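Residues are numbered in the numbering used here as their position in the sequence shown, beginning at 1, plus a constant of 20. Ideal Cβ placement from N, Cα and C applies to all residues, glycine included. Remember, predicted model here, so these are calculated numbers, not experimental data. The structure under discussion appears below in the form of C-alpha cells.
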Amino acid sequence: MTITEPFTAPGRGRPTPSPAAVALAVQCRKAKALADTATARFESMPTPAESSAAGGEVQLVVRPTCLADWVRWTTTLGIRDVRRMTNTGVATVVRFELDGVRARLVGMGVPALLAKTYGPYRSKGSHHA
21 MTITEPFTAP
31 GRGRPTPSPA
41 AVALAVQCRK
51 AKALADTATA
61 RFESMPTPAE
71 SSAAGGEVQL
81 VVRPTCLADW
91 VRWTTTLGIR
101 DVRRMTNTGV
111 ATVVRFELDG
121 VRARLVGMGV
131 PALLAKTYGP
141 YRSKGSHHA
C-alpha cells in the first residue's frame with residue numbers, strides 16, 4: 021500500500037487550521053487571482069503594470085512617462101487621497117484596496133516627474149537659501 025498523503029497514515033491527525041490561517045489563505049488566493057489577471061484587466065492603460073502577490077496583497081508596479089499617466093492609474097484604481105502616497109526617492113508608493121484585497125501601487129520615477137513639474141520636494145522645516 022502506498023500512502024501519498026502523510027496525514028492519512030494511521031495514527032496521524034491533521035491539525036485544524038485556525039480561523040486566521042484560513043482567512044489569510046483566502047486573501048492570498050484572491051490576491052494571486054487579481055495579480056494573474058491584472059495585465060489583461062489594465063491593458064488599456066498607458067503603461068503596462070508588472071503585477072505580483074505576496075502575503076495576501078497585490079502589488080502593481082508601473083513606470084509612467086508623464087504625470088498624466090500616473091493620474092490615470094490613480095483615478096482608475098480609485099485612489100483619491102494623496103496623503104496615502106509615500107515617496108521613496110525613486111518611486112511613489114500608495115496603498116489601497118482592489119476588489120476587497122489589500123493592494124499597493126508603485127509608480128517608478130514618479131518623484132522625478134513631480135520634481136520636473138513642480139520643482140524639488142523640500143520637507144517641512146528644511147531651510148534652503
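Within its own chain, the residues whose Cβ lies closer than 8 Å to the Cβ of Val-78, once the five positions on either side in sequence are excluded, are Ala-51, Leu-54, Ala-55, Ala-58, Ser-71, Ser-72, Leu-118, Val-121, Arg-122, Ala-123 and Arg-124, listed in chain order.
Within a 10 Å sphere around the beta-carbon of Thr-94 sit 16 or more other beta-carbons, which makes this residue buried.
In chain order, Leu-87 place their CB closer than 7 Å to the CB of Thr-137, counting only its own chain and leaving out the 5 sequence neighbours on each side. Shown here for Trp-90: same chain residues with a beta carbon closer than 6 Å to its own, the five before and five after excluded, namely Pro-84, Gly-127 and Val-130 in chain order. Under the DSSP definition of a beta bridge, Thr-112 partners with Asn-107 and Gly-127.
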